[in-house]
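Participant:
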Amino acid sequence: MTVPLAPSVRSIYENGAPEGERNNQLFKLACQFRDQGMPIEDAEVEAESWALKVGLTQREALSAVKSAYSRPGREPWVPASRYGIRGMTVYREAAHVPAMPQSSKEDAIDRFLAHAFRQGERIHIDRAILDEERERPSGRGETRTREEWLEMFKDGGLATWQGEAVGVYVCINPIKGNRRVLEEIHQFRHVLVEFDKGTIEEQWEQIKKAKLPTSCIIRSGGKSLHAWVVVNAANA
Numbered sequence: 001m002t003v004p005l006a007p008s009v010r011s012i013y014e015n016g017a018p019e020g021e022r023n024n025q026l027f028k029l030a031c032q033f034r035d036q037g038m039p040i041e042d043a044e045v046e047a048e049s050w051a052l053k054v055g056l057t058q059r060e061a062l063s064a065v066k067s068a069y070s071r072p073g074r075e076p077w078v079p080a081s082r083y084g085i086r087g088m089t090v091y092r093e094a095a096h097v098p099a100m101p102q103s104s105k106e107d108a109i110d111r112f113l114a115h116a117f118r119q120g121e122r123i124h125i126d127r128a129i130l131d132e133e134r135e136r137p138s139g140r141g142e143t144r145t146r147e148e149w150l151e152m153f154k155d156g157g158l159a160t161w162q163g164e165a166v167g168v169y170v171c172i173n174p175i176k177g178n179r180r181v182l183e184e185i186h187q188f189r190h191v192l193v194e195f196d197k198g199t200i201e202e203q204w205e206q207i208k209k210a211k212l213p214t215s216c217i218i219r220s221g222g223k224s225l226h227a228w229v230v231v232n233a234a235n236a
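Mapping to the numbering used here: the sequence shown position 141 is 141, numbers consecutive.
Here is the structure:
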């Protein structure tokens, strides 16, 4: 093949066509050869080769090319902005990944709770402590409404509540009662996606390239990112 073809047309060129569609697809190929600037002699060779492969005749191939080349050509196909051409190969360009924002402690907890949870929802939060150099919840935690937590954490209240703890654990879904157990989940809004390998920057790139519908992305323990992915599932 001496000219690039659109992915859908290349699929026909490489894989053939079902019976009943072969002549239509042969003509479509011939039109693409014409639009991409292929000389008619080369188009006849390509069309004959394809036709014989799918069970058509040389005469049908030459007729399709003659008909296509007797008509005005269209604008040649060019890749969309997310594709490129290298030689005769069409490839998908790497998706743009926005730069990872710098962490900011100013109003971070307020923005997080307001974005991930709704008014009146009950949120379970526990303090995080170090246990042999690994973080773990300190105990059973506490449950309050979003508004109660926001009021408590005003004016440095988070640091006061956290005390000597190294961080906090937040249940990713609102709960109905006071315990962080499956039967008390009020809504299965989020699932947690995390990467334990790679740098923080590499993890950020993977999350963004996956185009996950996240409500927030949290730095955890300084070594990994936690993505809260919105699923709005009916159950677990």
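For every residue, glycine included, the Cβ atom is placed at its ideal position computed from N, Cα and C.
Model, not experiment: these values are computed from the prediction.
So, is N24 buried or exposed, given that buried needs 16 or more other C-beta atoms within 10 angstroms?
Facilitator: Under this definition N24 is an exposed residue.
Participant: Ends of the alpha helix (DSSP H) at G167?
Facilitator: Note, G167: premise wrong, no alpha helix (DSSP H); beta strand (DSSP E) at 167-170.
Participant: Of the residues A233, E44, M100, R10, which one's Cα is nearest the Cα of Q187?
Facilitator: That would be A233, whose Cα lies nearest to the Cα of Q187.
Participant: Taking C-alpha atoms, which residue in P39, Y13, P18, G20 lies nearest to K28?
Facilitator: Nearest of P39, Y13, P18, G20 to K28, Cα basis: Y13.
Participant: Note down the Cα distance separating S11 from W149, rounded to an integer number of angstroms.
Facilitator: Roughly 56 Å separates the two Cα atoms.
Participant: Which same chain residues, not among the five before or five after A47, have their C-beta less than 8 Å away from its C-beta?
Facilitator: Result list for A47: L26, L29, A30, F33, A61, L62, A64, V65, in chain order.
Participant: Tell whether a beta-carbon distance below 8 Å holds between I123 and V168.
Facilitator: Not a contact, by the Cβ cut-off of 8 Å.
Participant: Kindly list the residues whose CB is nearer than 6 Å to the CB of L130, restricted to its own chain and excluding five residues on each side of it in sequence; keep chain order.
Facilitator: Closer than 6 Å at Cβ, skipping near neighbours: V166.
Participant: Can you have a look at H115 and say buried or exposed, based on whether 16 or more other CB atoms are within 10 angstroms of its CB?
Facilitator: When all chains shown are included, H115 counts as exposed.
Participant: So E194 and L225 are supposed to be a Cβ contact under 8 Å. How far apart are they, rounded?
Facilitator: Correct: roughly 7 Å between the Cβ atoms.
Participant: So, A236 versus L182, is the Cβ gap smaller than 8 Å?
Facilitator: Going by C-beta atoms, A236 is nearer than 8 Å to L182.
Participant: Since N173 and T143 are thought to touch, with beta carbons under 8 Å apart, how far apart are those beta carbons, to the nearest angstrom?
Facilitator: Incorrect: roughly 12 Å between the Cβ atoms, too far for contact.
Participant: Any chance the CB of R189 is under 7 Å from a heavy atom of the ligand PLP?
Facilitator: Here there are no bound small molecules, and the ligand PLP is not part of this structure.
Participant: For P137, which beta-bridge partners are listed by DSSP?
Facilitator: Paired residues: A128.
Participant: Would you kindly work out how many angstroms separate the C-alpha atoms of E21 and L5, rounded to a whole number?
Facilitator: Using only the alpha carbons, I get a separation of about 19 Å.
Participant: Would DSSP call A278 helix, strand or coil?
Facilitator: Within the shown structure, residues of the chain are numbered from 1 to 236, placing residue 278 beyond reach of any answer.
Participant: What do you get for L295, buried or exposed, if any count of 16 or more other CB atoms within 10 angstroms of its CB means buried?
Facilitator: Residue 295 falls outside the range modelled here, since the chain spans only 1 to 236, and no answer is possible.
Participant: S138 to E164, Cα distance in whole Å?
Facilitator: So the alpha carbons of these two residues sit roughly 11 Å apart.
Participant: With 16 as the cutoff for other CB atoms within 10 Å, does R189 come out buried or exposed?
Facilitator: Buried.
Participant: Suppose contacts are defined by Cβ-Cβ distances below 8 Å. Is G221 in contact with E147 by that definition?
Facilitator: Cβ distance not < 8 Å, so G221 and E147 don't count as in contact.
Participant: Based on the DSSP secondary-structure assignment, which residues constitute the bridge partners of F188?
Facilitator: DSSP lists A233 as partners of F188.
Participant: Closest to E121 by CA distance: which of A17, I200, K176 is it?
Facilitator: With distances taken between Cα atoms, E121 lies closest to K176.
Participant: For P76, I'd like the list of residues in its chain whose CB is within less than 6 Å of its CB, leaving aside the five on either flank, ordered along the chain.
Facilitator: Closer than 6 Å at Cβ, skipping near neighbours: D35, Q36.
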